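Quick note on this note's numbering: the sequence shown kicks off at 12 and runs consecutively. Backbone N, C-alpha and C define an ideal beta-carbon position, used for all residues, glycine too. Nothing here was measured: the structure is a model prediction, and the numbers come from that model.
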Amino acid sequence: MKNIVFESATELIKKIKAKEITVEETVTAFLNHIEKFNPRINAISDLREKEEILNEARDKDLDIEQGKSLGLLHGLPITIKDSFLAEGLKNSNGDPFSRNFVATEDAELVKRLKDAGAIIIGKTNTALYCIDWQSTNFWNGQTNNPYDITRVAGGSSGGSAVAVASGFSPLELGADAGGSIRVPAHFNGICGLRPSENFLSNRGHLKVKNKPQGRRHIITPGPFAKNATDLLLMMEVLGNNTKYELAELPPINLNNSEWDKQSLKIAYSETINDTEVDAEYLELFRNFIVKIKNENHILTIDHPKYNEEKAYLECSKIIGFEIGINNPKVPLLASFMYTFIRLKYRDHLWAKGMALGQRLTNINYAKAIDYKDDFSKIYNSFLTTYDVWITPVCSFEAYKHQNAGKPFTVNDKKIGYTKAIASFNFTTAFSGHPIVVIPIGKKKNGMPVGIQIHSKKWTDKKLLEIAQHFEKFTNGFEKPIL
Numbered sequence: 012m013k014n015i016v017f018e019s020a021t022e023l024i025k026k027i028k029a030k031e032i033t034v035e036e037t038v039t040a041f042l043n044h045i046e047k048f049n050p051r052i053n054a055i056s057d058l059r060e061k062e063e064i065l066n067e068a069r070d071k072d073l074d075i076e077q078g079k080s081l082g083l084l085h086g087l088p089i090t091i092k093d094s095f096l097a098e099g100l101k102n103s104n105g106d107p108f109s110r111n112f113v114a115t116e117d118a119e120l121v122k123r124l125k126d127a128g129a130i131i132i133g134k135t136n137t138a139l140y141c142i143d144w145q146s147t148n149f150w151n152g153q154t155n156n157p158y159d160i161t162r163v164a165g166g167s168s169g170g171s172a173v174a175v176a177s178g179f180s181p182l183e184l185g186a187d188a189g190g191s192i193r194v195p196a197h198f199n200g201i202c203g204l205r206p207s208e209n210f211l212s213n214r215g216h217l218k219v220k221n222k223p224q225g226r227r228h229i230i231t232p233g234p235f236a237k238n239a240t241d242l243l244l245m246m247e248v249l250g251n252n253t254k255y256e257l258a259e260l261p262p263i264n265l266n267n268s269e270w271d272k273q274s275l276k277i278a279y280s281e282t283i284n285d286t287e288v289d290a291e292y293l294e295l296f297r298n299f300i301v302k303i304k305n306e307n308h309i310l311t312i313d314h315p316k317y318n319e320e321k322a323y324l325e326c327s328k329i330i331g332f333e334i335g336i337n338n339p340k341v342p343l344l345a346s347f348m349y350t351f352i353r354l355k356y357r358d359h360l361w362a363k364g365m366a367l368g369q370r371l372t373n374i375n376y377a378k379a380i381d382y383k384d385d386f387s388k389i390y391n392s393f394l395t396t397y398d399v400w401i402t403p404v405c406s407f408e409a410y411k412h413q414n415a416g417k418p419f420t421v422n423d424k425k426i427g428y429t430k431a432i433a434s435f436n437f438t439t440a441f442s443g444h445p446i447v448v449i450p451i452g453k454k455k456n457g458m459p460v461g462i463q464i465h466s467k468k469w470t471d472k473k474l475l476e477i478a479q480h481f482e483k484f485t486n487g488f489e490k491p492i493l
């Protein structure tokens with residue numbers, strides 16, 4: 012049988028439902044591929060027992076033979092980030108003290124994947140505490156980029172992106188608070204969607220054992236796939252809030268999408284906050300812009316106007332406060348938080364915001380949320396003027412493995428570790444609008460690069476359809492040589 016592990020999810024599901032391949036054959040192909048290549052890549056952090064997975068696959072085949080109603084993802088093997096509860100699998104959230112915690116229930120989104128017929132086969136590696144743009148921790152080790160194992164996978168959903176790019180899983184579930192979906196998608200030449208904030212449920216995500224759900228703002232679950240069509244498929248499953256009737260989630264109509272592909276109004280920026288962008292990456296970005304200009308779309312160099320430093324600080328304060336909900340109440344914890352981030356990432360402003368968040372009063376937390384609402388209005392007003400806004404994803408392609416916090420050199424200029432990445436991903440997450448990353452090509456060194464496409468909040472379907480349209484100006488996903 013032809014190796015199917017690099018086929019799109021949409022194609023695999025068609026073949027399964029048409030009985031061209033069985034679910035058992037499909038699952039076996041992925042498990043064999045993981046067994047062969049994961050030791051080199053190290054994307055998978057936990058895997059179910061093989062016979063248990065195959066028994067579930069055989070049951071899915073029986074459903075097909077008996078003519079039962081089939082879900083949208085029937086028989087598709089899928090891995091998920093090690094921050095979502097999945098019954099029977101370890102769930103660490105990148106926390107060394109939780110590395111042996113085995114979930115006894117499913118996160119809401121995992122439940123939806125299973126209800127749609129997906130087979131959850133395992134979990135994927137993440138960064139320490141799910142905070143970094145490379146996926147390395149003390150117990151699961153370092154996840155490598157499949158295009159060059161001397162380079163990072165991105166993070167914190169690095170294992171998720173690598174699983175898709177390496178043919179370990181056709182779809183993946185990650186999460187993004189400051190680029191944790193977008194940066195890994197960019198580094199691994201695949202597509203990733205950070206949906207509108209609160210579109211997808213956070214129930215059972217970043218869950219601490221016997222503790223309440225602390226993280227409720229900015230952090231947003233989202234899918235990875237090889238193309239925008241597969242992202243749409245995943246969102247149809249994950250975002251079906253009308254079916255599940257969760258009170259905290261809006262019943263967004265994914266079928267309601269109107270736009271004129273003959274004449275899009277597009278804003279674009281070659282950088283954000285004057286951050287240096289690698290010259291060769293910028294050339295690929297500009298070439299893409301020229302291609303869509305030639306389609307008679309209306310393009311304007313523009314960007315939303317706001318105080319970057321203030322937004323960065325307030326965003327960090329909210330995250331710090333919500334992380335602190337489940338932290339032990341011990342003296343000097345805020346000082347420890349500041350010192351840890353300041354020393355590890357060499358970012359005073361981020362460290363200051365996180366530390367302030369740890370000791371934020373309720374009224375000042377409410378003020379920070381008010382600021383977030385006002386900030387969202389700035390972005391919403393800007394994105395109402397245009398159909399989409401296109402930007403780079405960060406300053407460069409996937410970089411060589413290094414310690415967090417070490418500065419980069421971009422175009423012979425030194426640039427701080429967080430500035431090179433957070434400038435493009437931190438405040439853009441703060442507003443809560445949807446952002447999709449698609450690959451646009453490769454640098455001469457063979458490393459893929461992508462773009463971010465932003466749109467107004469709650470226009471996720473329109474955004475993904477525009478991403479589909481833009482994919483015709485690219486080579487799309489190009490599989491790595493493992």
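Taking a 10 Å sphere around the C-beta of His44, we find 16 or more other C-beta atoms and assign the residue as buried. Contact between Pro181 and Phe149 is absent: CB atoms are separated by about 30 Å, not below the 8 Å threshold. In the DSSP assignment, Leu73 falls within the alpha helix (DSSP H) that extends over 61-76. If one requires a minimum length of 4 residues, the alpha helix (DSSP H) runs lying completely within the region 253-328 are 290-304, in chain order. In terms of Cα proximity to Tyr279, the closest of Thr396, Gly452, Asp117 is Thr396. Contact annotation: Leu211 and Gly250 have beta-carbon atoms nearer than 8 Å. Judged by DSSP in its simplified three-state form, Ser56 adopts strand. The region 241-250 makes no contact with the region 190-201, as fewer than three CB pairs between them are under 8 Å.
CA-to-CA, the gap between Ser392 and Leu257 works out to about 28 Å. Straight-line measurement puts the Cα of Ser268 at about 21 Å from the Cα of Asn307. By the neighbour-count criterion, in which 16 or more other beta carbons inside 10 Å mark a residue as buried, Asn156 falls on the buried side. Between the region 422-442 and the region 171-190 there are three or more C-beta pairs closer than 8 Å, enough to call the two in contact.
Ranked by Cα distance from Thr39, the options Ala54, Lys61, Lys28 are led by Lys61. Considered as a whole, the region 153-224 harbours 169-176, 193-198 as its complete alpha helix (DSSP H) runs of no fewer than 4 residues, in chain order. In this structure, Ala54 keeps its C-beta atom at 8 Å or more from the C-beta atom of Phe235. Ala366 and Tyr349 do touch by the CB rule: their CB atoms are close to 4 Å apart, below 8 Å. Cβ-Cβ distances below 6 Å link Glu325 to Ala379, Tyr382 in the same chain, with the five nearest sequence neighbours on each side left out; the list follows chain order. For the set Thr161, Gly215, Ser177, the Cα lying nearest the Cα of Ala186 is the one of Gly215.
By the Cβ rule, the region 451-459 does not count as touching the region 411-427, because fewer than three pairs are nearer than 8 Å.
Remark: C-beta atoms of Ile132 and Lys125 do not approach each other more closely than 8 Å. Judged by pairs of C-beta atoms under 8 Å, the region 80-93 touches the region 16-29, as three or more such pairs exist. With a beta-carbon spacing of about 6 Å, Ile330 and Gly368 fall inside the 8 Å limit used to define contacts.
About 20 Å separates the beta carbon of Lys483 from that of Phe17, a gap too long to meet the 8 Å contact definition. Under the DSSP assignment, Gly233 falls in the beta strand (DSSP E) whose first and last residues are 231-236.
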